[in-house]
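Just so we're aligned: the sequence shown equals residues 1 to 153 in UniProt numbering.
Even for Gly, the Cβ is constructed at its ideal location relative to N, Cα and C.
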Amino acid sequence: VDILKNKFGFDEAFNYRDEPNFDATLKRHCPEGIDIYFDNVGGKMLDAVLLNLRPHARIAVCGMISQYNREQPDGVQNLSSMVLKEARMQGYLATNYYHLYPKYLEMILPLIKESKVVYVEDVADGLENAPKALVGIFSGRNIGKQVVAVNCL
Numbered sequence: 001v002d003i004l005k006n007k008f009g010f011d012e013a014f015n016y017r018d019e020p021n022f023d024a025t026l027k028r029h030c031p032e033g034i035d036i037y038f039d040n041v042g043g044k045m046l047d048a049v050l051l052n053l054r055p056h057a058r059i060a061v062c063g064m065i066s067q068y069n070r071e072q073p074d075g076v077q078n079l080s081s082m083v084l085k086e087a088r089m090q091g092y093l094a095t096n097y098y099h100l101y102p103k104y105l106e107m108i109l110p111l112i113k114e115s116k117v118v119y120v121e122d123v124a125d126g127l128e129n130a131p132k133a134l135v136g137i138f139s140g141r142n143i144g145k146q147v148v149a150v151n152c153l
């Protein structure tokens, strides 16, 4: 939460592990509702977001990490909110946009150099630490982009 607010400049943030009721948490942090949601979690978090949408909200879905290792995935219970709020939800695959990567670099690199865009990397040193780093992604231990640094001989 500290990194989100103090490094990235978010107005509000919460640790989902500390919140037993996502709907109440979102109402507390987003009292006017949610206009845009980039979803890579799915499950109960997505269901709570659906209850807190503003009219004409937009949801980009790029992943469902809460569902990947479940024997029985959570079903979406609040899909009717999409109709009631006239919202839109669309899948997003980064691989469909690789052709735009050079243009993206032209835009983003100056912003990074000017500290207008900041990022965090969680670096694991050595290939021997790759399995632990991978497990950390799925258990929420890493912060930022997980990288495994491998020294080449």
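Taking the alpha carbon of residue i as the reference point, which residue from the options has its own alpha carbon closest?
i, options, result
"leucine 53", "Tyr37, Asp11, Val123", "Tyr37"
"cysteine 62", "Pro110, Val135, Val1, Gln90", "Gln90"
"tyrosine 68", "Val148, Ser139, Val147", "Ser139"
"valine 41", "Pro55, Phe8, Val76, Glu32", "Val76"
The beta strand (DSSP E) spanning residue i covers which residue range?
i, result
"phenylalanine 38", "34-39"
"alanine 149", "145-149"
Spell out the partners DSSP gives residue i in its beta bridges.
i, result
"methionine 64", "DSSP, once it has assigned bridges, lists no residue as partnering methionine 64."
"isoleucine 59", "Tyr37, Met89"
"alanine 124", "Val148"
"leucine 53", "Ile34"
Tell me whether residue i is buried or exposed, calling it buried when 16 or more other Cβ atoms sit within 10 Å of its Cβ.
i, result
"phenylalanine 22", "buried"
"methionine 107", "exposed"
"aspartate 39", "buried"
"isoleucine 59", "buried"
If residue i sits next to residue j, beta carbons under 8 Å apart, how far is it from one beta carbon to the other, in whole angstroms?
i, j, result
"alanine 87", "serine 81", "7 Å"
"isoleucine 65", "valine 49", "The Cβ separation is near 15 Å, so there is no contact."
"isoleucine 143", "valine 123", "Rounded, the Cβ-Cβ distance is 11 Å, inconsistent with contact."
"threonine 25", "phenylalanine 10", "With 8 Å as the limit, threonine 25 and phenylalanine 10 do not qualify as a contact, their Cβ atoms being about 14 Å apart."
I need the boundaries of the alpha helix (DSSP H) containing residue i, first residue and last residue.
i, result
"glutamate 106", "101-113"
"isoleucine 137", "130-139"
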